[in-house]
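Report on one structure; see the data block that follows.
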Amino acid sequence: MNTKKKFDIMNYFNVIRTVIAMVIALLIVFAIIFFVSEEPVFAIQKLMLGPLQTKRSFFNVIERAVPLIFTGLSLNIVLRSGIFNIGADGAFYMGAVIATAIAIRVPLPNILHQFVLIVAAAIAGGFISMLPVLINKYTKVDPTVLSIMFNSVFYYLGLSIISAFFLEGTGTWGSAKFPKDAKLGNLIKGTSMNYGFLILIAAVIFVVVLMEKTSFGYKVRVTGINPEFARAAGIKTGKVILLAQFMGGIFAGMGGAIEMVGMYKRFYWQSQVNYVWDGLLVHMLANENPVFIPLTAFFIAYLRIGAEIMSRSTDLDPEVVTLLQGIIILLVASDRFLYKFKQKHEQKLALEQAELAAAQEGGNA
């Protein structure tokens with residue numbers, strides 16, 4: 097008896113659907129560029145190949161992708177628990193603030209200094225991410241509303257802390273310089289790519305294993321998909337949801353710390369970071385699979401760097417990427433996109449299974 101499984105392309109339907117959406121969006125943007133640009137071919141060349149033309153440009157893509165990956169990982173854990181908590185910006189910003197405070201005020205040896213500030217920022221991010229769910233438990237205020245509100249609350253709190261205790265007092269707004277022991281050193285000379293990238297790789301592996309290979313990840317997924325079934329199966333859904341918020345917040349806080357002491361010499365952020373919407377896009381394009389989060393973040397970062405290069409060389413603005421993102425979101429979010437293709441395939445598969453069952457019954461008769 098042949099037990100070999102037949103390859104079914106529909107097992108990869110969501111991935112294929114996302115890739116097709118990206119290709120369609122690119123083609124639409126290319127068509128628009130041909131209509132509005134005086135040098136459309138040159139503009140498209142700069143958009144698509146610009147980031148590969150110099151070493152600096154390529155590593156700028158990786159540097160731009162790092163915070164997107166951290167927020168994508170954060171939201172991957174948080175959202176799969178079934179709670180639409182988008183407070184990653186508050187955790188990210190406060191992670192950077194706490195990293196700044198420890199970098200400037202807590203003298204420690206080199207590696208220990210970096211370790212302590214990253215861990216402290218990660219823990220703070222975890223607790224910040226838990227707040228909307230904790231408050232919802234006792235007040236029934238919607239956690240989504242609370243998370244959006246807390247993004248602003250923690251931004252102003254962080255800004256006040258920096259302004260009150262860490263400003264250098266020079267003509268420009270900014271904290272005192274970070275000591276060398278607190279900075280993450282460069283990984284590749286001639287670029288801003290730092291050792292935080294190695295921490296990021298470890299974080300991606302950790303989240304993939306956590307969410308796809310452990311009982312905790314299973315409980316989070318089941319709770320998010322069907323909380324009633326999860327409770328009937330003996331899963332303590334309240335505890336799982338709360339822990340998922342904490343774990344997700346850890347990576348947002350960690351991302352803020354690594355971005356700050358890896359990319360900057362001092363704290364400069366006077367505006368909200370607004371990475372949460374990018375992280376949401378990354379999470380959505382990855383089809384909730386943490387394995388694909390680095391790829392989708394790289395794709396978005398690549399297009400943004402390409403758009404910036406294009407705008408410097410042509411008559412087009414970099415906002416063309418915003419249009420591209422909007423088209424992709426519209427297609428991916430639409431349940432009807434490629435629905436008929438999936439429906440026809442399922443009907444064909446059902447017919448084949450019915451014919452096989454009929455043949456087996458005839459053979460047994």
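For the sequence shown, the numbering used here assigns the number 97 to the initial residue and increments by one for each residue that follows.
The beta-carbon is built from N, C-alpha and C at its ideal position, and this holds for glycine as well.
Please name the residue or residues paired with residue i in a DSSP beta bridge.
i, result
"Ser-271", "Leu-263"
"Asn-282", "Asn-290"
Sorted by chain position, which residues of the same chain lie with C-beta nearer than 7 Å to residue i's C-beta, five sequence neighbours on each side aside?
i, result
"Thr-392", "Val-378, Leu-381, Ala-382"
"Pro-390", "Ile-165, Val-300"
"Phe-325", "Val-318"
"Ser-409", "Lys-142"
"Gly-281", "Asn-290, Tyr-291"
"Ser-136", "The residue asked about is misnamed: residue 136 is Pro in this sequence, not Ser. Once the five neighbours on either side are set aside, the close Cβ partners of Pro-136 are Ile-129, Phe-130."
"Gly-68", "Any question about residue 68 goes unanswered here, given that the chain covers just 97 to 461."
Return the Cβ separation of residue i and residue j in integer angstroms, given the expectation that the two are a contact with Cβ distance under 8 Å.
i, j, result
"Gly-221", "Gly-349", "2 Å"
"Pro-147", "Tyr-398", "5 Å"
"Met-343", "Ile-173", "5 Å"
"Ala-197", "Val-357", "Not confirmed; about 11 Å, so no contact."
"Arg-176", "Gly-320", "5 Å"
"Ile-401", "Arg-160", "6 Å"
"Ile-257", "Ser-271", "That belief does not hold up - the Cβ atoms of Ile-257 and Ser-271 are roughly 10 Å apart, past 8 Å."
"Gln-428", "Ala-117", "Here the sequence assigns Val to residue 428, which means Gln is not the residue at that position. 5 Å between Cβ atoms; contact."
"Ala-195", "Ala-353", "4 Å"
Excluding the 5 residues preceding and the 5 following residue i in the sequence, name in chain order all residues of the same chain whose CB lies nearer than 8 Å to its CB.
i, result
"Phe-246", "Gly-183, Gly-186, Ile-224, Leu-227, Pro-228"
"Leu-283", "Met-289, Asn-290, Tyr-291, Phe-293, Leu-294"
"Val-111", "Asn-383, Phe-388"
"Val-212", "Ile-198, Val-202, Leu-204"
"Gln-368", "Asp-185, Tyr-189, Asn-247, Ser-248, Tyr-251"
"Met-144", "Gly-402"
"Lys-273", "Glu-264, Lys-361, Arg-362"
Apart from the five residues just before and just after residue i, which ones in its own chain have a Cβ nearer than 6 Å to its Cβ?
i, result
"Gly-351", "Pro-163, Phe-166, Phe-188"
"Leu-242", "Pro-228, Ile-231"
"Met-307", "Gly-313, Pro-386"
"Asp-277", "Asn-206, His-209"
"Met-97", "Residue confidence for Met-97 is low, a pLDDT of 43 falling below 50, so the modelled location carries little weight and cannot support an answer."
"Gly-286", "none"
"Val-303", "Leu-169, Pro-386"
"Ile-423", "Ala-121, Ile-124"
Given a threshold of 16 other Cβ atoms within 10 Å of its Cβ, counted over all protein chains shown, does residue i qualify as buried or as exposed?
i, result
"Thr-310", "exposed"
"Gly-265", "exposed"
"Ile-297", "exposed"
"Thr-99", "Here the model assigns Thr-99 a pLDDT of 47, short of 50, so the residue's position is not dependable, and the following value carries that caveat. When all chains shown are included, Thr-99 counts as exposed."
"Tyr-371", "buried"
"Gly-168", "buried"
"Asn-181", "buried"
"Phe-155", "buried"
"Gly-345", "buried"
"Glu-134", "exposed"
"Ala-549", "The structure shown does not extend to residue 549, since the chain is modelled only from 97 through 461, so no value can be given for it."
"Ala-403", "buried"
"Val-336", "buried"
Practice problem: Please specify which runs of the alpha helix (DSSP H), each continuous and at least 4 residues long, are wholly inside the region 285-335, giving them in chain order. | Solution: Inside the region 285-335, DSSP marks whole alpha helix (DSSP H) runs of 4 or more residues at positions 292-309, 311-321, 323-328, from first to last along the chain.
Quiz item: Fully enclosed by the region 175-224, which alpha helix (DSSP H) runs are 4 residues long or longer?
Solution: Given a length threshold of 4 residues, each whole run of the alpha helix (DSSP H) inside the region 175-224 is given here in chain order: 184-201.
Exercise. Report the residue ranges of all alpha helix (DSSP H) runs contained in full by the region 376-441; include only those spanning at least 4 residues, in chain order.
Key: Fully enclosed alpha helix (DSSP H) runs of 4 or longer: 389-409, 416-429.
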